[in-house]
Structure formats: structure tokens, C-alpha cells
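Residues in the sequence shown are numbered from 1025 upward in steps of one, following the numbering used here.
Input: a single structure, listed below in C-alpha cells.
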Amino acid sequence: MQCLELAIPPLPQLIIVAHTVWKRGALHAPRSFGLYDVLFVKRGTLFMMEDDRSYEIKAGHMLVLEPNRQHRGYKPCEEETELIWLHFAHPPASRLLESGQVPWSRPCDKKIDRAFVAPAQQLYIPKFGELPLQTVWPFLSQLASLYGILVARQSANMHALFAALLDELQTLLYAGPRAPGTDLADRIEAYLRDHYVQPFDADHMAAALHFDADYVSRCLKKHTGMSALQYVHHLRIEKAQELLRTTELSVQQIADATGFGDATYLIRQFRSKTGMTPKRYRLWFQRFI
1025 MQCLELAIPP LPQLIIVAHT VWKRGALHAP RSFGLYDVLF VKRGTLFMME
1075 DDRSYEIKAG HMLVLEPNRQ HRGYKPCEEE TELIWLHFAH PPASRLLESG
1125 QVPWSRPCDK KIDRAFVAPA QQLYIPKFGE LPLQTVWPFL SQLASLYGIL
1175 VARQSANMHA LFAALLDELQ TLLYAGPRAP GTDLADRIEA YLRDHYVQPF
1225 DADHMAAALH FDADYVSRCL KKHTGMSALQ YVHHLRIEKA QELLRTTELS
1275 VQQIADATGF GDATYLIRQF RSKTGMTPKR YRLWFQRFI
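This is the structure:
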């Protein structure tokens, strides 16, 4: 399924949502505006065009119409059609890609020297396709009901529910058809999580997984953006951060506990990944305790 990559934070902002039934013969008027227009069809069919591409949105399907693109109905409804539509505000999508191309396992930037600036992250939502209505429709129905009788005390709940809907749409993408190599990438990550404290040995890992070492490395790189050794360092740094926050262990003791072995090597890798030394990291967190 194709999906849109949206840069976050902030999350998309819900503007309006409505539950409606279009009579047979109804036709969507031509429009173009600076918001996303999302259509979820429960029964019947909508015939929509975005720029020069046509979409037949059948029952159980959705379509995201993107901001500032021309969209219109290209054929009247042939039967009574029930749908929920919503508009949300957000910058244009970074790109359109297949769900199998999404780097689901790529770690997010968490450098502490940027702790007061929101790091760049991504949200993925379907562009067009079939959805399990039994999962999505309760979110949509509740959103439409809340919006219809919205009062001040419910506004935060409505926006939180919209965020939950976006999360559910992304979860459905992740649970969909998996790209070749995804299962192996999951196995590689699991192996490295179980063995990151031990000295890294690419050949031993490949033998344990019953794949060629070069293929294993390429597979992990494709799905996480990291080589196997880089991923090991990532896991070790994550554990070192936890130990710095929660224990009084020395840097050398943490180096031993995380597989780095040498304190100087740990300090160099830690500074590269977090933007500060282990000592400064520990002091930084103690400010908030």
C-alpha cells in the first residue's frame, strides 16, 4: 500500500470532521485548498480525481487528498454512499512511498544537546487503500460525534482521539504486507539485542542466522540505516544512558557492562551519538531529579 510520509512534530491538526450520507447521483464539487481532505467510505462508492489520477473509493477504503491539489468527483455516486470525511492541517508530505519501503526500525535522533529542540521524526499514513472498518470506524464515529457537540472540556479529548486514529492508521501500515528481508532484519535485531555485550563477530552472527555475512549486513542497513556494528554501538549507548541515569557505576564499570570494555572507547562513541560525554550526561539528568 502506498503511504505518505509526514514530518513530525507537531502532529497534524484536526480542523473538521463529519459523518454524512450522499444520495445516488451526488458529485463532489471541484476544490483545491491548503488542507488535507481524508475520505473514509463505509458503504457505497465515491469516484474521486486528484489532479490527473482517478480513485474509486469503495466501502472499507480511504483516500487522502493532499493540500493545494485539485480534486473533484469524476462520476456521480451510483448508490447511496455513507462516509466520514475530515480535514487536517499539516505541511505537504515529504514523499509518497510503498509501506514496505518505510524504515520502521530506524532509530530516532535523541541527542541530549538538542533536548530543547524537537527532533525530526516521521509519521506514515495510507494514501489510498482498504482498511479494516471494524478497527478504524469506532475512532471516526467518536470523532464525528465529539465534533458535532464540541464544548471546551472535550477539545483536548478530540485532538487526542485524532492522534490515536493517526497511530492506528500507521499501525495498520506496519502490520500490512512486509517488504522482502523484513523478517530477517527482525531476526538480526533480536540477535544483536541478545548478544550486544559480547564482542561483535559478523561471521558468528551470520552462521547463527544461517545467512551470508554480507547479505545480513546489507539487510540490516536497508531496514535500520545502520551496519551491524553501528547497531551494536547504538544498543550499547542506549544501555549506557540507562546506567548513567539509574546507577552510580563508574564510566569504566559501564564500559564493561555494555560491551565496550574500554572507558575511552565508550566516551568517544557516547559523545558521537549523544553530543556529550558520559559524565556530562549524568550531570545533565541530575538537574531534573
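Even glycine gets a Cβ: it sits at the ideal position worked out from N, Cα and C.
With residue i as the anchor, note down where its beta strand (DSSP E) starts and where it stops.
i	result
M1072	1069-1074
P1150	1145-1150
H1111	1105-1113
E1122	1119-1122
L1038	1037-1046
I need the straight-line Cα distance from residue i to residue j, nearest angstrom please.
i	j	result
K1151	D1218	37 Å
R1304	G1124	40 Å
L1089	G1200	22 Å
G1097	M1072	4 Å
K1263	A1113	38 Å
A1144	E1103	44 Å
A1226	I1291	24 Å
H1043	D1210	40 Å
R1048	T1105	7 Å
P1156	H1228	42 Å
D1238	Q1222	20 Å
L1273	D1286	14 Å
L1038	G1283	46 Å
L1164	I1108	7 Å
What is the DSSP secondary structure of residue i, counted as helix, strand or coil?
i	result
Y1060	strand
E1262	helix
Y1098	strand
C1243	helix
L1193	helix
Y1198	helix
Y1079	strand
Q1222	coil
A1031	strand
Between which two residues does the alpha helix (DSSP H) carrying residue i extend?
i	result
Q1276	1275-1282
W1161	1157-1172
A1226	1226-1233
Apply the 10 Å Cβ neighbour rule to residue i and answer buried if 16 or more other Cβ atoms are within range, or exposed otherwise.
i	result
P998	With the chain running from 1025 to 1313 in the structure shown, residue 998 is simply not present.
H1234	exposed
V1045	exposed
S1169	exposed
C1101	buried
L1253	exposed
T1271	exposed
V1141	exposed
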